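Read through the structure below, which is laid out as structure tokens, and then see the notes.
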Amino acid sequence: MTDMKPRDVQVFPVGTNTRVLRSRSWARLRFEIEYALAKGTTANTYLIESDKVALIDPPGETFTEIFLDGLKSRIDITKIDYVIIGHVNPNRAVTLKALWEISPQITFICSNPGAISLRKAFATEDSSETKDLPLKVMRGDEILDLGQGHQLSFIPTPNPRYPDELCTYDSRTEILFSDKLFGAHICGDQVFDEGWQAFQEDRRYYFDCLMAPHARQVEKALDKLSEFPARLYAPGHGPLVRYGLIELTKSYRQWSKQQTAQDTSVVLIYASAYGNTATIAQAIARGITKSGVSVESINCEFADPEEIRTAIEKSAGFVIGSPTLGGHAPTPVQTALGIVLSTATKNKLAGVFGSFGWSGEAVDIIESKLKDAGYKFGFDAIRVKFKPNDHTLQTCEEAGTDFAQALKKVKKVRAKIQPASNVEQAVGRVIGSLCVVTAKQGEMSGAMLASWVSQASFTPPGLTVAVAKDRAVETLMHSGNSFVLNVLQEGNHLGLMKHFLKPFSPGQDRFADVATEEAENGIPYLKDSLAYIECSVKDRMEVGDHWLVYATVDNGQVLNNDGVTAVHYRKTGTHY
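Residue numbers for the sequence shown follow the UniProt record's numbering, beginning at 1 and rising by one.
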């Protein structure tokens with residue numbers, strides 16, 4: 001996907017002496033898996049110009065040049081007193097270095113873990129550069145007075161993905177600068193969230209990808225933030241939250257509760273040298289959580305051994321991820337592995353993953369020790385060289401889903417199976433046509449057998465498809481995506497049913513050995529189907545353990561005018 005518009009910086013006043021500088025890209029940027037919606041993004045930076053001048057959350061290196069140009073056109077950068085950093089990563093450090101070079105009087109403000117990361121990011125072969133780094137660490141009880149009533153409070157809201165996370169609150173404007181919280185990856189001209197309901201799907205997807213694996217920490221963060229009466233959330237990405245603030249806060253609590261209330265959990269333990277292993281962990285966690293299994297994510301670089309031990313004891317399975325440094329796993333991962341081997345019973349399901357630059361010995365070492373100890377694996381070990389691409393992340397997500405489904409299958413076997421009730425039998429008498437949904441976006445593709453399909457509207461012609469949350473293809477069926485609905489033909493459907501019902505390994509090509517052609521929307525359709533319909537997703541609604549996807553029809557064709565639609569008959573409404 002290429003830019004529909006050039007990247008730019010949009011500047012807009014959001015409060016007294018306060019402006020937002022929105023670095024915008026209409027193209028997909030590959031930082032994290034929540035960009036899979038491909039709706040572009042904004043990197044929001046905030047400027048408070050009072051007696052003292054503070055810059056909050058400068059963007060990453062993708063926007064460094066245009067951001068600095070936009071900033072220079074509106075303020076003398078040498079007048080900036082403070083740069084406040086919600087979280088530090090190598091990507092953002094490029095912009096921070098450029099700011100410090102231009103304006104050496106700047107003082108950087110961050111959390112204590114952020115200070116450690118910032119020193120690492122600024123370190124060179126001549127480590128003396130970091131000795132003079134102007135840093136002020138905020139631990140949560142300090143106030144920074146910018147003058148004219150702008151008193152900034154700092155709220156640490158750490159989670160395993162962002163252990164240095166720091167929110168900032170301005171008492172004068174009652175703006176909460178929330179960095180990763182309450183964001184969404186969408187790009188447009190709208191600064192605030194007027195008509196906030198239209199953004200809810202994007203915010204939910206952002207939450208599911210980025211926050212769901214850390215639901216327990218999100219709940220703690222919400223408790224802390226409730227002490228600060230905010231009239232505006234100023235997140236690091238997407239529209240600023242003004243009109244839907246109360247509803248979004250309630251949604252975050254509800255979504256977090258859905259995760260923490262699950263009765264089956266997986267502990268995901270990892271360390272990450274350059275962010276790649278953390279991105280893989282995030283994709284695996286996404287696959288697990290979407291399947292109705294909660295994740296206790298632990299960054300072992302910052303975790304206490306007792307925290308790891310407790311999480312292992314209460315989990316049904318565990319997954320360990322590690323980079324390879326000097327041919328070995330880093331010390332925190334080795335320590336965590338020792339705790340796992342001494343704590344986890346052998347009936348717990350295991351998984352291993354990691355990233356590497358030149359060699360991947362760490363994954364091999366961990367896998368070997370777990371095999372020798374007698375653990376069974378929920379997916380084949382995942383080894384990723386350098387930065388994971390779209391296909392790799394899809395594979396990781398599917399591996400997480402397989403892991404969760406394996407745990408649920410064991411639990412179901414242990415539970416006593418009850419005969420279907422009269423109500424369940426009655427629901428099972430609702431029938432539907434047998435179809436195969438096919439979808440593709442860039443390097444990612446997917447397909448599923450579907451029978452919960454119905455026409456939903458005449459004008460425009462539209463239909464609904466119910467998609468289980470743990471289906472791999474679900475990721476490709478958000479608003480703005482396209483898919484093809486292939487209607488199967490009675491008497492010619494068993495081969496296709498058998499193919500699409502079989503279990504696919506993570507990343508496996510769903511269309512291998514199946515006759516397909518490309519529809520006008522670029523998605524494969526099945527040549528042996530009765531008819532195919534090209535659809536565009538317009539909306540989706542959460543309905544229990546499924547998403548109900550509404551799509552309008554763009555094109556279609558009957559491939560056999562003499563054929564009859566295959567129909568699926570069920571005996572109970574408790575399964576397909």
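From the three backbone atoms N, C-alpha and C, an ideal C-beta is built for every residue, glycine too. Keep in mind it's a predicted model, so treat the numbers as computed, not measured.
Identified DSSP bridge partners for residue i
i	result
Pro323	Ser355
Gly462	Ser457, Thr552
Phe108	Val83, Leu135
Ser445	Lys440
Arg383	Gly354
Glu517	Tyr525
Tyr270	Asn299, Gly321
Leu167	This sequence places Cys at residue 167; Leu is not what is there. Bridge partners of Cys167: Ile155.
Val558	Ala531
Residue i: first and last residue of the uninterrupted alpha helix (DSSP H) it sits in
i	result
Thr18	Here Thr18 belongs to no alpha helix (DSSP H); instead the beta strand (DSSP E) covers 18 to 25.
Tyr206	200 to 206
Ile66	64 to 72
Val14	Taken as a continuous stretch (DSSP letters only), Val14 belongs to no alpha helix (DSSP H), being part of the beta strand (DSSP E) at 8 to 15.
Rounded straight-line distance, which links the Cα of residue j to that of residue i
i	j	result
Pro460	Ser482	16 Å
Arg286	Ser445	17 Å
Ala115	Ala123	12 Å
Leu485	Ile75	54 Å
Tyr303	Ala336	The sequence given here has Ala at residue 303, not Tyr. So the two alpha carbons sit approximately 9 Å from each other.
Phe356	His328	10 Å
Glu397	Arg203	19 Å
Gly354	Gln259	25 Å
Thr18	Phe192	14 Å
residue 581	Gly378	The chain is shown from 1 up to 576; residue 581 falls before or after that span and cannot be answered.
Arg7	Lys39	14 Å
His150	Gly556	59 Å
Cys187	Pro332	38 Å
Asn91	Ile80	21 Å
Gln334	Cys209	27 Å
Glu517	Lys527	7 Å
Tyr35	His499	Because the pLDDT of Tyr35 is 47, which lies under 50, any placement of that residue in the model is unreliable, and the number read from its coordinates should be weighed accordingly. Approximately 30 Å between the Cα atoms of the pair.
Val437	Pro503	16 Å
Glu227	Tyr169	11 Å
Gly292	Ala283	15 Å
Ser128	Trp100	Note that Ser128 scores a pLDDT of 47, beneath 50, so its modelled location is shaky and nothing firm can be said.
Ala456	Lys538	12 Å
Thr157	Ala221	5 Å
Own chain partners of residue i with C-beta closer than 6 Å, once the 5 adjacent residues on each side are dropped
i	result
Met211	Val218
Phe31	With a pLDDT of 46 at Phe31, under the threshold of 50, the modelled position of this residue cannot be trusted; read the value that follows with caution. Excluding residues within five positions, none has a Cβ falling inside 6 Å.
Gly573	Glu424, Val427, Gly428
Leu370	Ala350
Met541	Leu548
Ser23	Val9, Ala43, Pro59, Phe63, Phe67
Trp452	Gly432, Ala466
Trp196	Tyr243, Gly244
Ala519	Val484, Tyr525, Glu534
Gly480	none
Contacts around residue i, its chain only, beta-carbon distance under 7 Å, and the 5 residues preceding and following it disregarded
i	result
Val88	Cys110, Gly114, Ser117, Leu118, Ala121, Asp164
Phe318	Val266, Val267, Ile269, Ile312, Val340, Ala344, Lys348, Ala350
Ser421	none
Short Cβ contact (7 Å threshold) for residue i with residue j
i	j	result
Gly86	Asp179	yes
Ile155	Cys167	yes
His493	Leu434	yes
Thr41	His214	no
Ser342	Pro160	no
Gly360	Thr324	yes
Ala362	Pro506	no
Trp564	Ile533	In the sequence as displayed, the identity of residue 564 is Val instead of Trp. Their beta carbons are not under 7 Å apart, which means Val564 does not touch Ile533 by this criterion.
Leu463	Leu501	no
Leu21	Val11	yes
Leu135	Phe177	no
Phe182	Val241	yes
Leu476	Ala566	no
Range covered by the beta strand (DSSP E) that runs through residue i
i	result
Asn44	41 to 49
Met541	531 to 543
Glu296	294 to 299
Asn91	Segment 90 to 102 is the alpha helix (DSSP H) holding Asn91; no beta strand (DSSP E) there.
Ser291	Here Ser291 belongs to no beta strand (DSSP E), and DSSP marks it neither H nor E.
Gln151	151 to 156
Asn486	482 to 487
Ala234	232 to 235
Ile143	143 to 145
Leu55	53 to 56
Chain C within 7 Å of residue i, Cβ atoms only
i	result
Pro330	Included in the structure is just one protein chain, with no chain C present.
Residues near residue i by beta carbon distance below 8 Å, same chain, minus five either side
i	result
Lys469	Lys290, Ser291, Gly292, Asp545, His546, Trp547
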